[in-house]
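Engineer: Protein sequence lines correspond, in order, to chains P and E.
Following this note's numbering, the residues of the first sequence are numbered contiguously, the last one being 1907.
Following this note's numbering, the residues of the second sequence are numbered contiguously, the last one being 651.
My questions will all concern the structure given below.
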Amino acid sequence: MSDTIIKVEGLGKQYRLGQIGTGALSHDINRAWHLLRGKEDPYLKVGEVNDRTMKGGSDLVWALKDINFDVKRGEAIGIIGKNGAGKSTLLKILSQITSPTVGEIKVKGRIAALLEVGTGFHPELTGRENIFLNGAILGMTKAEIRRKLDEIIAFSGVEKYVDTPAKRYSSGMMVRLGFAVAAHLEPEILIVDEVLAVGDAEFQKKAIGKMKEVSEAGERTVLFVSHNMASVKSLCSKGIVLSNGSISFSGGVDESVNAYLKDGNDEGMTEYKVLSDDRSAVSAEVEVVSVGIKAHGKEYGDSMRMDEELELTVTYNKKKKGFRLDSTIQVKDNSGNYLFVCTTASADAETNENAEGLMENKLLLPKNFFNADTFYINLLMVIDERAVAVKLNDVLSFTIMNKQLKIGAWMGKGVAPLKPDFKWEITKK
Amino acid sequence: MNGTTDKDEFDLIIKPRQSMLSIDFKGLWRYRDLLMLFVKRDFVATYKQTVLGPLWFLIQPILTTVTFYIIGSIANIPTDGIPPVLFYMAGIILWNYYADCLTKTSETFTANAAIFGKVYFPRLIVPVSIVVSNFVRFSIQFVLFLAFWLYFYFFKGAVLHMNTVALLFPVLLLLMAGHGLAMGIIISSLTTKYRDLKFLVTFGVQLLMYATPVIYPLSSVSDKYKGLMLLNPMASIIECFKYGFLGVGFFSPAYLLYSLISLILILFIGVVLFNKIEKSFMDTI
């Protein structure tokens, strides 16, 4: 059975960087002049890669390039990638908000895109009026909305305020109402951006449940874009990984999530680094060869989950005998705050002083200690507990994923970077 | 996968550039409920939290008429023997319809960028809904005009030669709405790239009013400029309306035909531009 419902072929989208508008008229005239003489567009340079860390030669850049994929009926596909990888651009093209520069997409059936909840809500209109307006904007007919009105109002949980102008609503109520309308759309293809990241836990549970229901019915195809790997995993069966505007991986959802994490997490640093070329990793006494962090018993590049033990390895070359060499790591959270320091100073002194040559220090970090977040590590090689021979700032960054969640469990970001599993004693009094 | 059967089954093909002239009538029809909801929204939202509410539809033209009445009597502007109040009101409600259609539609892209950036629906729905909601407003004002007409005819004994040309009224309305819409969508398309136009529109429309025989009759213009003035397609429309309802003015089928042809031309340019911008404006706005 191969009932293809979306077919994307050679899709590409080009954007102009810098200030749009200034110089637009002169560019337009220049472009028209070139085209008039039958020459090619001087601002369309094909073949440039979109990497936001690299400055391109032209101020036009391909946000998406050579995108090809098929989606079959009833599939739920997660689209993942770093910031700026082209996810939103792809969604915008799919939902016809903007058109591609090259390539085409063929679609069977009606598409509804949910890039935002409550689009077009008017503050002066009542909740009920806004349901009709928002529903119509999303492509429902009046009759369709009228038929589902009671259901929508019940789902939103704002029955009491449905005849009050929307400007008196709290932002949470707006979101609820907006999602309630969107959840009752009945298109063949539903495109969802990270709208589920809003609202309180109770509402998220409801929303995810509804989404799951929709895709599991089998008739509806869902394209889901998110940074939250847990929600992607729980909702989708397949994944597409975007990287610098092209598809770097597509396949099953677990492999896709792994491929995404291997591709480098949000900051683009790998979990394993060879430092032999790095001059700051070398001093008269020591040369750090590599550092790495991975889940215990897994490979480098595999995902690391909260409920897995982590293994940090430092490989170094101790050039001389006769002094003590300790490795110290400083662990920082996403905003650069120091969380804790951990050193080998307490480990076996004798072997340390007499050692020479290639050495490996391994640190085991307990499971259920880090929260799902991104962390940074500084590495210090310290001589005789006083002099720093090598200091490597942010030598590693790694991202911990949420453990497998139950469907409907809260998927937001935790407030604290650490979530150690200290022992609670629960007794009945 | 097998690529043999699915070639002709796809309902929608998203491509870089569709034909510039294709108006998505099917889409417009499918979203007709949205059109009516936009019209309703405009009405409900405009006069919420006002004491007089929809009465403002009537107060506005009356106040403007009073203003011109005062200016007219000071400056001694002729009204072809028609009671000035009636003469000014006829010009004002007509011109307001055109001007409102133009200025409101000219903001289509900039004012709706937030919605357009999140959801797709045929963009033409928005300018069309503006023309429709202004039409409702115009109808109310037209009833006011008729009331004044009857008052002056029966109680003041004014000489008003209403004639069969008045039957052209629906055509005049269509021409006016069309011109407003066409100019509006041209300007709205250009504003996405060149914001400068935004500042010119209100000023330009006001200036255009004085270049159109709205508050003075065409007959008061010297022959030298008459031809020039009639190049403005709105001139013959307004004169024709006055001729039909008040019995004074300039009625020429040739110039009405000119209005129609220029409308088709401007609308053509407007639709081409609008279709082009619709596809790309999210990247430029």
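C-beta atoms are modelled at their ideal positions from N, C-alpha and C, and glycine is treated no differently.
Values in this document were obtained by computation on a predicted structure and should not be read as measured data.
Excluding the five sequence neighbours on either side, which residues of its own chain have a C-beta within less than 6 Å of the C-beta of N1871(P), listed in chain order?
Structural biologist: Residue numbering aside, residue 1871(P) sits at position 393 when the first sequence is read from its first letter. Here the set comprises N1856.
Engineer: Could you tell me which uninterrupted beta strand (DSSP E) segments, each at least 3 residues in length, are contained entirely in the region 1583-1668 of chain P, listed from first to last along the chain?
Structural biologist: Listed in chain order, they are 1589-1592.
Engineer: Using CA coordinates, which residue listed in L1720(P), T1822(P), N1722(P), K1716(P) is at the minimum distance from G1730(P)?
Structural biologist: Start at 1 with the first residue of the first sequence, and residue 1730(P) comes out as number 252. Checking every option, the nearest Cα to that of G1730(P) belongs to K1716(P).
Engineer: With a floor of 4 residues, list each alpha helix (DSSP H) that falls wholly inside the region 422-510 of chain E, ordered by position along the chain.
Structural biologist: Whole alpha helix (DSSP H) segments, 4+ residues: 422-441, 450-471, 474-477, 479-482.
Engineer: Of the choices D390(E), V502(E), K406(E), L403(E), whose alpha-carbon is the least far from that of F423(E)?
Structural biologist: The sequence position of residue 423(E) within the second sequence is 57, counting from 1. Considering only alpha carbons, the answer is V502(E).
Engineer: For F376(E), return the contacting residues in chain P, with the cut-off set at a CB-CB distance below 8 Å.
Structural biologist: Start at 1 with the first residue of the second sequence, and residue 376(E) comes out as number 10. Result: K1485, K1584, V1585, K1586.
Engineer: When you compare the CB of S646(E) with every CB in chain P, is at least one pair closer than 8 Å?
Structural biologist: For the purposes of this step, residue 646(E) is identified with residue 280 of the second sequence, where counting begins at 1. Chain P contact via Cβ: present.
Engineer: Taking R407(E) as the query, report the chain P residues whose CB atoms sit under 8 Å from its CB, ordered along the chain.
Structural biologist: Along the second sequence, one-based indexing puts residue 407(E) at 41. What R407(E) touches in chain P: H1600, L1603, E1607, L1611.
Engineer: Determine the closest residue to N1830(P) out of V1809(P), I1861(P), F1853(P), E1777(P), with distance taken between C-alpha atoms.
Structural biologist: Position 352 of the first sequence holds residue 1830(P). Looking at the Cα atoms, I1861(P) is the closest of the given residues.
Engineer: Output yes if chain E places a C-beta closer than 8 Å to the C-beta of G1746(P); else output no.
Structural biologist: By one-based count along the first sequence, residue 1746(P) stands at place 268. With a pLDDT of 39 at G1746(P), under the threshold of 50, the modelled position of that residue is not reliable, and the figure given next carries that caveat. No, G1746(P) lies away from the interface with chain E (no Cβ there is under 8 Å from its Cβ).
Engineer: By Cβ distance below 6 Å, which residues in the same chain neighbour V498(E) in space, the five residues on each side in sequence not counted?
Structural biologist: Within the second sequence, residue 498(E) is the residue found at index 132, counting from 1. For V498(E), where only same-chain residues beyond five positions count, the Cβ hits under 6 Å are V405.
Engineer: Is the shortest distance between the beta-carbon of A1823(P) and the beta-carbons of chain E less than 8 Å?
Structural biologist: By 1-based counting over the first sequence, the position of residue 1823(P) is 345. By this cut-off, A1823(P) is not an interface position.
Engineer: Strictly under 8 Å for the Cβ-Cβ distance: is L400(E) near chain P by that measure?
Structural biologist: As a working mapping, residue 400(E) is identified with position 34 in the second sequence. At least one chain P Cβ lies under 8 Å of L400(E).
Engineer: Y624(E) to L539(E), Cα distance in whole Å?
Structural biologist: Along the second sequence, read from residue 1 onward, the residue named residue 624(E) stands at position 258. Along the second sequence, read from residue 1 onward, the residue named residue 539(E) stands at position 173. Taking the straight line from one Cα to the other gives about 15 Å.
Engineer: Evaluate Y1816(P) with the Cβ neighbour count: other Cβ atoms within 10 Å of its Cβ, from every protein chain shown; 16 or more gives buried, anything less gives exposed.
Structural biologist: In the first sequence, counting from the first residue as 1, residue 1816(P) sits at position 338. When all chains shown are included, Y1816(P) counts as exposed.
Engineer: If you follow the alpha helix (DSSP H) that E605(E) is in, where does it begin and where does it stop?
Structural biologist: Within the second sequence, the letter at position 239 stands for residue 605(E). Looking at the DSSP string, the run of the alpha helix (DSSP H) that includes E605(E) is 599-612.
Engineer: Distance, Cα to Cα, G1746(P) vs V1640(P)?
Structural biologist: Taking the first sequence and counting its residues from 1, one reaches residue 1746(P) at position 268. Taking the first sequence and counting its residues from 1, one reaches residue 1640(P) at position 162. The predicted position of G1746(P) is uncertain, since its pLDDT is 39 and thus under 50; no value can be drawn from it.
Engineer: Report all residues from its chain with a CB closer than 7 Å to the CB of S472(E); omit the five preceding and five following residues, and keep chain order.
Structural biologist: Reading the second sequence from its first residue, position 106 is the one you call residue 472(E). Same-chain partners within the cutoff: G550, I553, S554, T557, V567.
Engineer: Can you give me the start and stop residues for the beta strand (DSSP E) that M542(E) sits inside?
Structural biologist: The residue labelled residue 542(E) in the question sits at position 176 within the second sequence. That residue, M542(E), is in no beta strand (DSSP E); its alpha helix (DSSP H) goes 535-557.
Engineer: Quick check: what's the CA-CA separation for T469(E) versus L403(E)?
Structural biologist: Counted from its first residue, the second sequence places residue 469(E) at position 103. Counted from its first residue, the second sequence places residue 403(E) at position 37. C-alpha separation (whole angstroms): 21 Å.
Engineer: Report buried or exposed for R489(E), applying the criterion of at least 16 other Cβ atoms within 10 angstroms of its Cβ.
Structural biologist: Along the second sequence, read from residue 1 onward, the residue named residue 489(E) stands at position 123. Buried, because 16 or more other Cβ atoms sit within 10 Å of the Cβ of R489(E).
Engineer: Does the beta-carbon of W515(E) have 16 or more other beta-carbons within 10 angstroms, so that it is buried, or is it exposed?
Structural biologist: Translated into the one-based positions of the second sequence, residue 515(E) becomes position 149. Buried, because 16 or more other Cβ atoms sit within 10 Å of the Cβ of W515(E).
Engineer: Counting only the same chain and skipping the five closest in sequence on each side, list residues whose C-beta sits under 7 Å from that of T371(E).
Structural biologist: As a position in the second sequence, residue 371(E) is number 5, starting the count at 1. At T371(E) the pLDDT is 44, less than 50, meaning the model places this residue with poor confidence; the figure from the coordinates comes in the next sentence. Counting only Cβ-Cβ distances below 7 Å, and skipping sequence neighbours, we find nothing.
Engineer: With DSSP as the reference, please indicate the residues paired to M1879(P) in a beta bridge.
Structural biologist: Here residue 1879(P) corresponds to residue number 401 of the first sequence, with the count starting at 1. Answer is R1783(P), bridged to M1879(P).
Engineer: Based on the DSSP secondary-structure assignment, which residues constitute the bridge partners of M1837(P)?
Structural biologist: The residue you call residue 1837(P) lines up with position 359 of the first sequence. Per DSSP, Y1794(P).
Engineer: Got a sec? Which residues, its chain only, sit under 7 Å from M1532(P) by beta carbon, not counting five neighbours each side?
Structural biologist: Position 54 of the first sequence, counted from the start, is the residue given in the question as residue 1532(P). The pLDDT assigned to M1532(P) is 47, lower than 50, so where the model puts this residue is not dependable; a value taken from the coordinates is nonetheless given after this. There are no such residues.
Engineer: Going by beta carbon distance, what residues of the same chain come within less than 6 Å of A465(E), once the five residues before and after it are set aside?
Structural biologist: The count along the second sequence starts at 1 and reaches residue 465(E) at position 99. Same-chain partners within the cutoff: V571.
Engineer: In whole angstroms, give me the CA-to-CA distance for T1791(P) and K642(E).
Structural biologist: Stepping through the first sequence from its first residue, residue 1791(P) is reached at position 313. Stepping through the second sequence from its first residue, residue 642(E) is reached at position 276. C-alpha separation (whole angstroms): 57 Å.
Engineer: Answer yes if the region 576-590 of chain E comes into contact with the region 598-605 of chain E, meaning at least three C-beta pairs across the two stretches below 8 Å, and no otherwise.
Structural biologist: Result yes; three or more Cβ-Cβ pairs closer than 8 Å.
Engineer: Is the distance from the Cβ of L1569(P) to the Cβ of G1723(P) below 8 Å?
Structural biologist: Locating residue 1569(P) in the first sequence gives position 91, where the first residue counts as 1. Locating residue 1723(P) in the first sequence gives position 245, where the first residue counts as 1. No.
Engineer: For G1499(P), which residues of its own chain have a beta-carbon under 7 Å away from its beta-carbon, when the five flanking residues on both sides are left out?
Structural biologist: As a working mapping, residue 1499(P) is identified with position 21 in the first sequence. At G1499(P), the pLDDT of 43 sits below 50, so the modelled position is not reliable; the number obtained from the coordinates is stated separately. No residues qualify anywhere along the chain.
Engineer: Check this for me: beta carbons of I1583(P) and L1572(P), under 8 Å apart or not?
Structural biologist: On the first sequence, residue 1583(P) is found 105 positions in, with the first residue counted as 1. On the first sequence, residue 1572(P) is found 94 positions in, with the first residue counted as 1. Yes, these two residues count as a Cβ contact at 8 Å.
Engineer: Below 8 Å between beta carbons: does that hold for G1581(P) and G1656(P)?
Structural biologist: Here the question's residue 1581(P) lines up with position 103 in the first sequence. Here the question's residue 1656(P) lines up with position 178 in the first sequence. Not closer than 8 Å, so no.
Engineer: For the beta strand (DSSP E) that T1806(P) lies in, which residues bound it at each end?
Structural biologist: Position 328 of the first sequence, counting from 1, holds the residue named residue 1806(P). Residues 1803-1810.
Engineer: DSSP three-state call for K1901(P): helix, strand or coil?
Structural biologist: For the purposes of this step, residue 1901(P) is taken as the residue at position 423 of the first sequence. The answer is coil: DSSP assigns K1901(P) none of H, G, I, E or B.
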